[in-house]
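Novice: The following block contains the structure, expressed as structure tokens.
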Amino acid sequence: MKLRLLRCAQLTLLTALAAQGFAAIRPPKVLLVVAHSDDEYNFAATTYRITRELGGAVDEVVITDGESGYRYSLLAEKIYGVQLTSEEVGRAHLPAIRKQETLRAGRILGIRHHYFLNQKDEAFTLDPESALHGSWDTKLISAFLDHLLTRQRYDFVFTLLPSEDTHGHHQAATLLALEAVARLQTSERPAILGAEAVEHDQTVRFSGRPGYPLAETIANAPAFIFDRRTSFGYHDALSYAIVVNWMIAEYKSQGLFQTDIGKHDQEWFWLFQVSGVRASLATAGLVEDLLPRTRSSTHR
Ligand SMILES: [Zn+2]
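Residue numbers (numbering that gives the first Met the number 0): 0 to 299.
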């Protein structure tokens, strides 16, 4: 079996730590914090590997109700029997529809609990402040995250990489998760990572954002990369890309999202500096776990 988990400099360091016997946290316990239903796409293959193959637990917080995702819903009108592309109708019906789609996608990815915070999904913006100081009840979201992090003591929090060219809601969700982690004692903090699904020939770098000190990462290169093309099964014909495609297909109301099928073949993860004191070692352990090295003897 070809191992396609790429080894960037940071990954090599983390793998070296893992090889030295730093115990992996087994099984991993992870919280996903995202703005929209379907944002978990960015770490869908990693989530599946953790839940379905490593016995880990993954929960997901979805902050908005997704009501503004009506523009590309034409094909789904026939599926759901509602004229979703009418803004008024779409905004009224999409929150319930997208919730069901999220639960169905979650069943594929093995997500344990979903938490829907039902904040208003107003419109596309690049400005995180419009959500943080406008359409969202950030007090409620922060209190919820504080409670969940304290109660569940996750090992990892996965968020979307808060690049300035991504949806402002994605940025805002990540900033709120970073703030919640920062409110914990350093010894209690999980490793918090920002992720992005990319194509393997892309070069993405991220070290932080001016004005958002909590978004600083430990390096501008990703801490690790999970390759959806990692092959296994009979004749090595299968890959995690299949699982990602299943997940995408559940979001039938999101027509444009369907065109992401087969598009991004890797999931890149950056480790934020605000992470707990054991974050590098914990991430090294996770990297070791993610390597699908035992599969060849059991699945052929
Ligand atoms: Zn989104």
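For every residue, glycine included, the Cβ atom is placed at its ideal position computed from N, Cα and C.
1) Expressed to the nearest angstrom, what Euclidean distance is found between the alpha-carbon atoms of GLY109 and PHE123?
2) What three-state label does DSSP hand PHE256 in the structure shown?
3) Shortest alpha-carbon distance to SER141 belongs to which of GLU287, ALA220, VAL61?
4) In the DSSP assignment, the alpha helix (DSSP H) including ILE191 goes from what residue to what residue?
5) Measure how close the beta-carbons of THR158 and ALA176 come, nearest whole angstrom, since I'm counting them as under 8 angstroms.
6) At the level of alpha carbons, what is the spacing between PHE223 and VAL81?
7) Whose C-beta lies closer than 6 angstroms to the C-beta of THR46 among residues of the same chain, with five residues either side of it excluded?
8) Would you tell me roughly how many angstroms separate the C-alpha atoms of TYR71 and ALA104, rounded to the nearest one?
9) For GLN201, is the classification buried or exposed, using 16 other Cβ atoms within 10 angstroms of its Cβ as the cut-off for buried?
10) Is any non-hydrogen atom of ligand 1 found closer than 7 angstroms to the C-beta of ASP64, if you look at the structure I gave you?
11) From ARG208 to SER129, what distance separates their C-alpha atoms?
12) Which residue's Cα is closest to the Cα of ASP306: LEU93, ILE78, LYS77?
13) Between the Cα of PHE143 and those of GLU249, ALA172, ASP226, SER67, spot the shortest distance and give me the residue it belongs to.
Specialist: Taking the definition as stated:
1) 29 angstroms
2) helix
3) VAL61
4) Run containing ILE191: none in the alpha helix (DSSP H); it sits in the beta strand (DSSP E), 190-197.
5) 5 angstroms
6) 42 angstroms
7) VAL57, LEU108
8) 19 angstroms
9) exposed
10) no
11) 17 angstroms
12) One cannot answer for residue 306 here, as it falls past the ends of the chain, which runs 0 to 299.
13) ALA172
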